[in-house]
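K.L.:
Residue numbers (the UniProt record's numbering): 1 to 241.
#1: Helix or strand or just coil, what does DSSP make of residue 237?
#2: Whole angstroms are fine: how far does the CA of residue 21 sit from the CA of residue 27?
#3: Identify every residue that forms a DSSP beta bridge with residue 147.
#4: If you draw a straight line from the alpha carbon of residue 130 to that of residue 40, how long is it in whole angstroms?
#5: Does the distance from the C-beta atom of residue 183 to that of residue 142 stay below 8 Å?
#6: CB-CB under 6 Å to residue 124, same chain, minus the five flanking residues each way: which ones, in chain order?
#7: Pull the bridge partners of residue 142 from the DSSP assignment, please.
#8: Given this structure, state the Cα-to-Cα distance separating residue 164 from residue 120, to the nearest angstrom.
#9: What would DSSP say about residue 99, mapped onto helix, strand or coil?
#10: What does a CB cutoff of less than 6 Å around residue 180 pick up in its chain, not counting 5 residues either side in sequence?
#11: Relative to the C-alpha of residue 93, which residue among 112, 238, 17, 50 is closest?
#12: Leaving out five residues on either side along the sequence, give the residues of the same chain with a beta carbon under 7 Å from the beta carbon of residue 162.
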């Protein structure tokens with residue numbers, strides 16, 4: 001508590017506080033509580049640093065200020081495929097998702113449900129390994145791997161050592177698979193850039209699969225009209241759905 005506030009606002013002062021209060025009544029003191037220190041710090045700075053003839057105003061113009069981020073793409077960026085991976089764990093189960101994107105923009109999604117215990121890091125490794133195997137099966141030679149797992153990406157880049165015994169075989173598997181590409185690069189991306197893989201992994205973790213089940217890849221349509229405008233009449237063929 002502020003001492004001056006305590007002295008002036010105490011209804012019945014006794015002893016030494018009463019003596020101080022009587023002595024302070026000699027002065028015209030008005031107590032005001034300081035709410036914020038930022039304005040006072042700015043005022044003190046301006047008082048201690050007066051403006052002189054060498055003062056130059058701050059230039060608030062920043063070129064290219066509308067650009068939020070810049071991603072560097074190497075010489076192989078135009079020919080390389082892109083691999084996005086993600087692992088999801090919830091109360092329903094654990095799922096992984098991976099998407100391969102060709103240089104022409106074709107998407108090849110894959111998802112799987114894990115029926116064994118996995119930590120968050122091992123789930124990310126499972127998703128990455130599934131995506132690498134997909135790229136090898138398609139004969140991809142140049143690949144850029146993008147994921148939001150900072151641990152996996154830095155370990156794959158060789159910046160961080162793998163100390164967890166559970167991750168050692170995963171790290172070795174990723175290293176062996178990486179040798180089968182002519183060019184491979186691991187890059188970290190924020191999670192909000194990995195939404196589609198997140199949706200695939202979450203879908204795999206929540207759907208109840210009895211056994212190995214093949215589901216035709218999802219087709220995402222963009223519709224500009226209401227559903228009743230697209231209704232067409234189909235003739236029954238006698239076959240049950």
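A virtual CB, placed ideally from N, CA and C, is assigned to each residue, including glycine.
P.N.:
From the atom records:
#1: coil
#2: 10 Å
#3: 188
#4: 58 Å
#5: In this structure, residue 183 lies near residue 142, with their beta-carbon atoms less than 8 Å apart.
#6: Excluding sequence neighbours, residue 124 sits near 87, 149, 152.
#7: Looking at the DSSP assignment, residue 142 forms a beta bridge with 183.
#8: Computed Cα separation, rounded: 13 Å.
#9: strand
#10: Sequence-distant Cβ neighbours of residue 180 in its own chain, meaning closer than 6 Å and more than five residues away, are 136.
#11: If we check each option's Cα against that of residue 93, 112 comes out closest.
#12: 155, 168, 171
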